[in-house]
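A quick write-up on the structure given underneath.
Chains as they are written, first to last, in this note's numbering: chain W, 639 to 853; chain P, 27 to 177.
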């Protein structure tokens, strides 16, 4: 199962690359720099998914105290941090040629940095509490509270006056994107989601091995 | 150090970092920039602002020799003359959005120290080129840049 997911993800990523570089045209205003979007946007959408799963796992663990829920939250949390980091880095590389700065403290960028720190803290907390059961309980509370930040990040550009442009996907407004660019973005989104599923399944089995080792 | 002390120290550091970020976020970032109308309503000379608006078409003056740049930012109701020294980002142009960091001067213009180009959420192919495949565009850009490099 994990193996198949891995091959599927690899295939989708290749398709995404071909779509992003080979099929989609460059943007009329930004030129080729816009192609960074094919990494940047799927990254943050995958991070949203990961942190939503942290929320699900945390809730499940707090109610049932079953290790399986904690395992899910832990694995998803680690992968979410990776994808949030990727979002920040790719956004920064895009921001320099487009806006003229690597970083600025507008509401979107600030809330994304906070999202990153919350889940880095979430992982730190896990590693610092030696009693596994207790650590899982503390982490679940952070995983619960941290999820509040997901909608704040996404809607920050609509709620407050920011430098970052409003969302093109997952928006109440009409989409303002050419079909060819949108389809390339969609393929990359699917590819990143598959990659996430692969990482998750891999990490879950690793965690199971860790548990056996500590038992 | 005991386990508990380590935990408290680590947790405290994370909390402090978060509190600081949220505090500075709320006080500065909720409104990333002021509009020309808001600035004109109560301008304070010497105070640092971020001013955002549209670069009024026809207002852009650029002296390549001295790197002096001047333009007008408008929000449709009020407009503010801006002066800047240095080259703007690539996306900066007349009729597009921009945010400038700087101060309001007694002489009645905005002295900018940093120009940020504001980008819209529109993504489309260069006009008329929709049919051209992406790899052709990319190859053409790379070829043009190589030619520029040789010159």
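Ideal Cβ positions, reconstructed from N, Cα and C, are used throughout, including at glycine.
Contact note: residue 735 of chain W reaches chain P through 115, 116 and 117, using a C-beta cutoff of 9 Å and chain order. Check the Cα spacing between residue 112 of chain P and each of P/136, P/119, P/127 and P/90: the tightest is with P/90. Proximity of residue 37 of chain P to chain W, defined by a Cβ-Cβ separation below 8 Å, is satisfied.
Against residue 146 of chain P, the close residues of chain W are 803, in the order they occur along the chain (beta-carbon pairs closer than 7 Å). At a cut-off of 8 Å, the C-beta of residue 639 of chain W has no neighbouring C-beta in chain P. Contact of residue 755 of chain W with chain P by beta-carbon distance below 9 Å involves 40, 43, 44 and 47.
What residue 73 of chain P touches in chain W, judged by beta-carbon distance under 8 Å, is nothing: the nearest beta carbon there is about 18 Å away. In this chain, residue 142 of chain P is not harboured by any alpha helix (DSSP H); it is covered by the beta strand (DSSP E) spanning 136-143.
In the three-state reduction of the DSSP assignment, residue 57 of chain P falls in the strand class. When DSSP states are grouped into helix, strand and coil, residue 712 of chain W belongs to the helix group.
Membership of residue 840 of chain W in the alpha helix (DSSP H) is indicated by the continuous run 817-852.
At a cut-off of 8 Å, the C-beta of residue 843 of chain W has no neighbouring C-beta in chain P. Between residue 701 of chain W and residue 707 of chain W, the alpha-carbon positions lie close to 10 Å from each other. Following the DSSP letters along the chain, one finds residue 785 of chain W in no alpha helix (DSSP H), marked with neither H nor E. Closer than 8 Å to the CB of residue 129 of chain P there is not a single CB belonging to chain W. Per DSSP, residue 124 of chain P lies in no alpha helix (DSSP H); the unbroken beta strand (DSSP E) holding it starts and ends at 123-130. Using a Cβ-Cβ cut-off of 8 Å, residue 28 of chain P does not count as an interface residue toward chain W, since no Cβ of chain W sits closer than that to its own.
Remark: fewer than three beta-carbon pairs, one from each stretch, lie closer than 8 Å, so the region 133-142 of chain P and the region 651-666 of chain W are not flagged as touching. Residue contact with chain W for residue 151 of chain P: present (Cβ-Cβ distance below 8 Å to some residue of chain W). When only Cα atoms are considered, residue 173 of chain P and residue 166 of chain P end up about 11 Å apart.
The C-alpha of residue 831 of chain W is placed about 22 Å away from the C-alpha of residue 731 of chain W. When the beta-carbon positions are compared, residue 799 of chain W and residue 58 of chain P come within less than 8 Å of each other.
Residue 645 of chain W: member of the alpha helix (DSSP H) spanning 640-655, first to last residue. Within chain W, no C-beta atom comes nearer than 9 Å to that of residue 64 of chain P; the closest sits roughly 10 Å away.
Looking at the backbone, the Cα of residue 848 of chain W and that of residue 727 of chain W are separated by about 31 Å. Taking every protein chain shown into account, the CB of residue 851 of chain W has fewer than 16 other CB atoms within 10 angstroms, so this residue is exposed. Linking residue 753 of chain W to residue 84 of chain P through their CA atoms gives a straight-line distance of about 42 Å. Against chain P, the beta carbon of residue 771 of chain W has no neighbour under 8 Å; the closest one sits roughly 14 Å away.
For the pair residue 715 of chain W and residue 669 of chain W, the CB atoms are not nearer than the 8 Å cut-off.
For residue 801 of chain W, the closest C-alpha among the options P/104, P/76 and P/45 is that of P/76. Rounded to the nearest whole angstrom, the C-alpha separation of residue 665 of chain W and residue 682 of chain W is 21 Å. Within chain P, no residue has its CB atom less than 8 Å from the CB of residue 789 of chain W, the nearest being about 16 Å off. Looking from the CA of residue 81 of chain P, the closest CA among P/35, P/43, P/143 and P/47 belongs to P/143. In the pairwise beta carbon analysis, the region 717-725 of chain W is classified as touching the region 682-691 of chain W: at least three pairs are separated by under 8 Å. Under the 10 Å beta carbon count, residue 744 of chain W is surrounded by 16 or more other beta carbons and is classified as buried. Uninterrupted alpha helix (DSSP H) stretches at least 4 residues long and entirely within the region 41-116 of chain P occur at 62-67, given in chain order.
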